[in-house]
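*Asks:* Numbers given in my numbering equal positions in the sequence shown, counted from 1, plus 1.
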Amino acid sequence: MRRSWVWNHVSKCTIKEAKEVMKEGKMQKVEVEVLKAKCNYCGQFFACDPSASGTSTYSKHILRVCKKHVRNDEIHQKVLGSSTSSIFASAYINPLFLAKGWSQDESVTGFVEFIVIDEMPFGVVEKEGFEG
Numbered sequence: 002m003r004r005s006w007v008w009n010h011v012s013k014c015t016i017k018e019a020k021e022v023m024k025e026g027k028m029q030k031v032e033v034e035v036l037k038a039k040c041n042y043c044g045q046f047f048a049c050d051p052s053a054s055g056t057s058t059y060s061k062h063i064l065r066v067c068k069k070h071v072r073n074d075e076i077h078q079k080v081l082g083s084s085t086s087s088i089f090a091s092a093y094i095n096p097l098f099l100a101k102g103w104s105q106d107e108s109v110t111g112f113v114e115f116i117v118i119d120e121m122p123f124g125v126v127e128k129e130g131f132e133g
């Protein structure tokens, strides 16, 4: 039974590989079938020996390396933001609001706009509601 979440993103498969073996005193290339794990997104193969290794290599690939995998929070988590992100934009113009993915840089820029445009004291960040 597969218990790890990575098996939703990686599939076991058998591929043929050339392997050099000693046969009759000489090294010869033979084709052998090898069990591998394959990323469902980019197709990269990994060693797959259930008795010797776990799933940490697969999870690191999916979370950090694979460029074709879109994380769940990037698909579903949205925030409300404006289409303009300049602190020089007029406070009297209602910008177009869009649902978009979260970004640290955009959040900092938005907070700076909040402080500057609304003339908020810097102490606003020390209040209980901000610490969340």
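Note that beta-carbon positions come from the ideal geometry of N, C-alpha and C, so glycine has one too.
1) Looking at the secondary structure, which residues open and close the alpha helix (DSSP H) in which T56 lies?
2) Is it buried or exposed for V11, if we count other Cβ within 10 angstroms and need 16 for buried?
3) What is the residue span of the alpha helix (DSSP H) that Q105 lies within?
4) On the criterion of 16 or more Cβ atoms from any shown chain inside 10 Å, does T15 qualify as buried, or is it exposed?
5) In its own chain, which residues sit with a C-beta less than 8 Å from the C-beta of D50, not counting the 5 before and 5 after it?
6) Can you tell me where the beta strand (DSSP E) with E34 in it begins and where it stops?
*Replies:* Judging by the given coordinates:
1) As a position in the sequence shown, residue 56 is number 55, starting the count at 1. Neither: T56 is in no alpha helix (DSSP H) and is coded neither H nor E.
2) Here residue 11 is taken as the residue at index 10 of the sequence shown, counted from 1. V11 counts as buried, since no fewer than 16 other beta carbons sit within 10 angstroms of its beta carbon.
3) Your numbering for residue 105 matches position 104 in the sequence shown. First-last of the alpha helix (DSSP H) with Q105: Q105 to I118.
4) Translated into the one-based positions of the sequence shown, residue 15 becomes position 14. Per the 10 Å Cβ criterion, exposed.
5) Mapped onto the sequence shown, residue 50 falls at position 49. For D50, where only same-chain residues beyond five positions count, the Cβ hits under 8 Å are L36.
6) Translated into the one-based positions of the sequence shown, residue 34 becomes position 33. E34 -> beta strand (DSSP E) spans K27 to C40.
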